[in-house]
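Participant:
Numbering (this note's numbering), first residue to last: 1 to 423.
1. Would you be able to state if there are at least three C-beta pairs under 8 Å between the region 344-353 and the region 72-80?
2. Could you give the residue range of the alpha helix (DSSP H) that holds residue 161?
3. Go to residue 44, then tell me how far its alpha helix (DSSP H) extends in each direction, as first and last residue.
4. Less than 8 Å between the C-beta atoms of residue 16 and residue 230, yes or no?
5. Are the CB atoms of residue 359 and residue 21 within a distance shorter than 8 Å?
6. Cutting at 6 Å between CB atoms, please list the residues of its own chain near residue 370, excluding the five before and the five after it.
7. Would you kindly check if the distance between the Cβ of residue 335 and the Cβ of residue 435 is under 8 Å?
8. Between which two residues does the alpha helix (DSSP H) holding residue 146 run?
9. I believe residue 242 touches residue 267 by the beta-carbon criterion, under 8 Å. Please report the beta-carbon distance rounded to the nearest angstrom.
10. Please report the distance separating the alpha-carbon of residue 3 from that of residue 287.
11. Are the beta-carbon atoms belonging to residue 92 and residue 57 less than 8 Å from one another?
12. What's the call for residue 11, buried or exposed, on a 16-neighbour Cβ count within 10 Å?
13. Given that a residue counts as buried once 16 or more other Cβ atoms are within 10 Å of its Cβ, and exposed if not, what is residue 382?
14. Distance, Cα to Cα, residue 13 vs residue 276?
15. In its own chain, which residues sit with a C-beta less than 8 Å from the C-beta of residue 206, not counting the 5 before and 5 after it?
16. Using a 10 Å radius around the Cβ and a threshold of 16 neighbouring Cβ atoms, would you call residue 209 buried or exposed?
17. Per the contact definition of three or more C-beta pairs closer than 8 Å, is the region 105-121 in contact with the region 137-157?
18. Apart from the five residues on each side of it in sequence, which residues of its chain come closer than 6 Å, Cβ to Cβ, to residue 166?
19. If we ignore side chains and look at the alpha-carbon of each, how far apart do residue 99 and residue 363 end up?
20. If you draw a straight line from the C-alpha of residue 171 to the C-alpha of residue 214, how long is it?
21. Whole angstroms is fine: what's the gap from residue 274's alpha carbon to residue 244's?
22. Does the separation of the CB atoms of residue 329 and residue 384 fall below 8 Å?
23. Residue 115 lies in the alpha helix (DSSP H); which residues open and close that run?
24. Could you compute how far the alpha carbon of residue 106 sits from the alpha carbon of residue 357?
25. In three-state terms, what does DSSP make of residue 34?
26. In terms of alpha-carbon separation, which member of 29, 234, 293 lies closest to residue 18?
27. Taking residue 110 as the reference, give the member of 374, 43, 157 with the closest Cα.
28. Would you mind sorting residue 323 into buried or exposed? The rule is 16 or more other CB atoms within 10 Å of its CB.
29. What residue from 310, 259, 407, 264 has the CA that sits closest to residue 251's CA?
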């Protein structure tokens, strides 16, 4: 049971590795306690209602495609394009998730768009060579941190730590993924990076590493190590979690050879736990618990979406390991139950003005999960897909056809957002 509003008690915080271990154990227990039967999925859509929503969705996608194909050349044109795109995305949210104008108005009032614009501007000032794709990748983590600011009751803002932590992983991931760099050089960088996170002296080997070390220094400027040790403990926690997740590259591993669920939860939970600490500097035990819970669930969502890619790459997750031998019906049901409990835990945050955001999340999470399941229909039984499709605002076949049409025109929603980032 999560207790977000429990009375504050001054205690000595346990070491971060112990905290992470306890939270992994707690949410593994919660995972196994969730049912595998079909969870509540919301309203059933009639064929006529699906047809109406499909027409609305097609109109939105056509408009977004047109905007993408006539990219603006001047700041004034870009602003006009952004306004039209936001209007179309609002229509998309209404058609896909049943959101209302009041939800969209509240979303606009939180300052998230302004924060995104400021994030892009600061990122480009930090490094003018950053690509739009890198900035978009980083901005997704910044949105997560802005969400944590809203939950805790802090102003939505691009603080030095928000900018630095969000940029750290495009830099470090791109470096580690670069095939031109030898494995030995990557291992040496990883060691220096860990030393820098620990506050130990470390000399960057090149200009790219210097940028990474500069980002750590930016965090130190906002959160001095002597005053906020948990900030750096959380950074080390995600470092070790990501290192540990390399063990998942075991395509033939049986469910009894390694703790796949524990490794996945450690990686996802530690990532959002670091978001929380880098937003607030310190967290109550209840806030810490929720951040970790939210991270485990978003990691499950990512893994459910990437199951086909993970199967091809030999990466073990809850879903890819199951899909080798069984349909994913039961494990998908358990994921939905697990996510619905996250939404219940969200209600324990009582920051003024949050109610529309909570409602939007409740409206969006289950349709997003159903859509992800529908994309990989061959991994589920036909009867299960039919049950889920009844609760989805569109036919799976229609959505699949729209995706194929957009792919032929090399269009994606992520790509649209990336290209509409402020210039």
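Ideal placement from N, C-alpha and C gives every residue a C-beta, glycine not left out.
Facilitator: The short version:
1. No, they do not touch.
2. That run of the alpha helix (DSSP H) goes 160-177.
3. Note, residue 44: premise wrong, no alpha helix (DSSP H); not H, not E.
4. Between residue 16 and residue 230, the C-beta spacing is below 8 Å.
5. The answer is no: Cβ separation not under 8 Å.
6. So the list reads 388, 392, once near-sequence residues are dropped.
7. Given a span of 1 to 423 for the chain in the structure shown, any question on residue 435 remains unanswerable.
8. Per DSSP, residue 146 belongs to the alpha helix (DSSP H) from 132-152.
9. So it is a contact: roughly 6 Å between Cβ atoms.
10. The predicted position of residue 3 is uncertain, since its pLDDT is 42 and thus under 50; a value taken from the coordinates is nonetheless stated next. C-alpha separation (whole angstroms): 9 Å.
11. Cβ atoms of residue 92 and residue 57: closer than 8 Å.
12. For residue 11, the predicted model reports a pLDDT of 46, less than 50, meaning its position is unreliable and no value from the coordinates is stated.
13. Answer is exposed; the Cβ neighbour count stays below 16.
14. One C-alpha to the other measures close to 16 Å.
15. Same-chain partners within the cutoff: there are none.
16. With at least 16 other beta carbons inside 10 angstroms of its own, residue 209 counts as buried.
17. Verdict: yes, contact present.
18. Once the five neighbours on either side are set aside, the close Cβ partners of residue 166 are 138, 141, 142.
19. Near 7 Å, if we compare the C-alpha coordinates of residue 363 and residue 99.
20. Rounded to whole angstroms, residue 171 to residue 214 spans 11 Å at the Cα level.
21. Residue 274 and residue 244: Cα-Cα distance of roughly 17 Å.
22. Yes, they are a contact pair.
23. Note, residue 115: alpha helix (DSSP H), 112-126.
24. Roughly 8 Å between the two C-alpha positions.
25. In this structure, residue 34 counts as coil in the three-state DSSP scheme.
26. If we check each option's Cα against that of residue 18, 234 comes out closest.
27. Nearest option by C-alpha distance: 157.
28. It counts as buried.
29. Ranking the options by Cα distance to residue 251, first place goes to 310.
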